[in-house]
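**Student:** Going by the numbering used here, the letters in the sequence shown line up with residues 16 to 336, in that order.
Right, I'll just put the structure down here and ask away after.
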Amino acid sequence: MKLWERVIEHRLRRMTSVTKNQFGFMPGRSTMEAIFLGSALSPYLFALVMDEVTRDIQGDIPWCMLFADDVVLVDDSRTGVNRKLELWRQTLKSKGFRLSRTKTEYMMCGFSTTRCEEEEVSLDGRVVPRKDTFRYLGSMLQEDGGIDEDVNHRIKAGWMKWRQASGILCDKRVSQKLKGKFYRTAVRPAMLYGAECWPTKRRHVQQLGVAEMRMLRWMCGHTRKDRVRNDDIRDRVGVAPIEEKLVQHRLRWFGHIQRRPPEALVHSGRLKRAENVKRGRGRPNLTWEESVKRDLKDWSITKELAMDRGAWKLAIHVPEP
């Protein structure tokens with residue numbers, strides 16, 4: 016059955032094309048953005064149907080993006096959002112589909128210094144609820160562009176994985192090296208999911224480091240009162256500091272972006288600080304590119320090295336103890 020599905024899917028991909036707005040099941044997109052179903056054929060068929068139904072109303076990226084049956088609509092005003100929502104509602108209704116009112120939410124990012132509109136966002140006469148944060152594809156998005164909620168969510172996800180395997184990780188009959196290998200395979204990836212896109216501050220790195228050391232000490236049967244150094248704990252279980260692994264993830268993603276052509280979609284998500292624009296009071300938010308520049312400086316690496324994939328991989332590699 017799977018072989019037959021692969022043959023049919025291969026033929027469909029040669030005969031058909033899908034617009035670049037589709038992110039869920041398309042080759043060349045980030046695997047973090049993919050959603051996989053049980054069948055290899057059904058995701059592509061679903062993407063084809065949704066793409067054909069909405070082909071005439073799709074906008075440019077990032078103003079319109081499709082993730083499976085979820086739609087992301089972006090505009091610089093509530094009036095524009097209402098206009099897009101009504102257009103999508105009418106178009107989908109004419110094709111036998113409908114927008115779910117209960118699942119539709121909106122978030123306003125107040126990056127502009129202009130006064131906010133008084134108009135509400137509505138769908139088919141009903142007010143759409145506004146959210147300060149929401150979870151999507153495993154990540155938490157905030158209206159102020161921060162990552163505090165996402166970091167906390169990732170730490171909770173790591174603890175959830177740790178508790179699910181606590182029967183092994185706390186078993187004295189299991190060697191500490193094996194526990195460390197299990198932690199590196201199952202727990203740490205849950206804590207660093209999506210971390211390559213984080214513009215981390217010192218407090219975020221400290222939160223991750225504290226959570227990791229609590230897990231590792233618990234695995235070894237020690238507490239802070241035992242006065243065992245962190246480096247000794249890491250040597251026993253063979254786990255590198257999560258702070259260094261976080262930087263490795265970010266630089267690996269940076270290298271991937273650097274090697275992509277300028278017209279690649281991945282470049283459309285890079286935010287740069289605008290020049291000659293009046294900003295509000297206070298210190299501006301830290302950007303991802305500023306975090307990368309800091310990492311390159313701390314690790315004494317030049318960004319030109321990223322064009323050589325092999326050399327870049329060796330330069331950013333963080334070995335386990």
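Cβ atoms here follow ideal geometry from the backbone N, Cα and C, with glycine treated the same way.
What did DSSP end up calling Leu156 once you bin it into helix, strand or coil?
**Tutor:** Of the three classes helix, strand and coil, the one that applies to Leu156 here is strand, per DSSP.
**Student:** Apart from the five residues just before and just after Gln259, which ones in its own chain have a Cβ nearer than 8 Å to its Cβ?
**Tutor:** Looking at the sequence shown, residue 259 is not Gln but Glu. For Glu259, where only same-chain residues beyond five positions count, the Cβ hits under 8 Å are Val333.
**Student:** Taking Thr215 and Leu261 to be in contact with their CB atoms under 8 Å, please state how far apart those CB atoms are, rounded to whole angstroms.
**Tutor:** The pair is a contact, with the Cβ atoms about 7 Å apart (cut-off 8 Å).
**Student:** Quick check on the DSSP output: the beta strand (DSSP E) that includes Thr148 runs from which residue to which?
**Tutor:** Where Thr148 is concerned, the enclosing beta strand (DSSP E) stretches over Thr148 to Tyr151.
**Student:** Using a Cβ distance threshold of 8 Å, determine whether the region 246 to 260 contacts the region 198 to 218, with at least three qualifying pairs required.
**Tutor:** Enough Cβ pairs lie closer than 8 Å, so yes.
**Student:** With a Cβ-Cβ cutoff of 7 Å, do Tyr121 and Arg145 count as a contact?
**Tutor:** Yes, the Cβ-Cβ distance between Tyr121 and Arg145 is below 7 Å.
**Student:** For Val96 versus Val136, is the C-beta distance shorter than 7 Å?
**Tutor:** Contact flag set, yes.
**Student:** DSSP three-state label for Leu88, please.
**Tutor:** Note: Leu88 maps to strand in three-state DSSP.
**Student:** Give the secondary structure of Val142 by DSSP, where H, G and I count as helix, E and B as strand, and everything else as coil.
**Tutor:** Here Val142 sits in strand by DSSP.
**Student:** How big is the Cα-Cα spacing for Ile170 and Cys212?
**Tutor:** Cα to Cα, Ile170 sits roughly 16 Å from Cys212.
**Student:** What's the C-alpha gap between Val166 and Leu114?
**Tutor:** Near 31 Å, if we compare the C-alpha coordinates of Leu114 and Val166.
**Student:** Return yes when the Cβ of Arg249 is within less than 7 Å of the Cβ of Cys235, no when it is not.
**Tutor:** No, these two residues do not count as a Cβ contact at 7 Å.
**Student:** Verify whether the separation of the beta carbon atoms of Trp314 and Ala321 is less than 7 Å.
**Tutor:** Not a contact, by the Cβ cut-off of 7 Å.
**Student:** Please report the straight-line C-alpha distance between Ala55 and Thr94, rounded to a whole angstrom.
**Tutor:** At Ala55 the pLDDT is 48, less than 50, meaning the model places this residue with poor confidence; the figure from the coordinates comes in the next sentence. Approximately 40 Å between the Cα atoms of the pair.
**Student:** Do the CB positions of Leu266 and Ile331 come within less than 7 Å of each other?
**Tutor:** Yes.
**Student:** Name the one or two DSSP bridge partners that Tyr121 has.
**Tutor:** Paired residue(s): Arg145.
**Student:** Provide the residue span of the beta strand (DSSP E) that contains Leu81, from first to last.
**Tutor:** Where Leu81 is concerned, the enclosing beta strand (DSSP E) stretches over Cys79 to Phe82.
**Student:** Is Ala279 buried or exposed, if buried means 16 or more other CB atoms sit within 10 Å of its CB?
**Tutor:** Classification for Ala279: exposed.
**Student:** Going by C-alpha distance, which of Leu311, Arg298 and Ala62 is nearest Gly270?
**Tutor:** Closest by alpha carbon: Leu311.
**Student:** Determine the burial state of Gly325: buried for a count of at least 16 other Cβ atoms within 10 Å of its Cβ, exposed for fewer.
**Tutor:** With fewer than 16 Cβ atoms within 10 Å of its Cβ, Gly325 is classed as exposed.
**Student:** Per DSSP, what are the beta-bridge partners of Ser137 in this structure?
**Tutor:** Its beta-bridge partners are Val142.
**Student:** Taking the CB atoms as reference points, tell me whether Ile72 and Leu102 lie closer together than 7 Å.
**Tutor:** Cβ atoms of Ile72 and Leu102: closer than 7 Å.
**Student:** Let me check understanding here. Comparing Cα to Cα, which of Met228, Val87, Val254 and Gly253 lies closest to Leu242?
**Tutor:** According to the sequence shown, residue 242 is Arg rather than Leu. Nearest of Met228, Val87, Val254 and Gly253 to Arg242, Cα basis: Met228.
**Student:** Mapping DSSP to helix, strand and coil, what is Glu259?
**Tutor:** Residue state, collapsed to three classes: helix.
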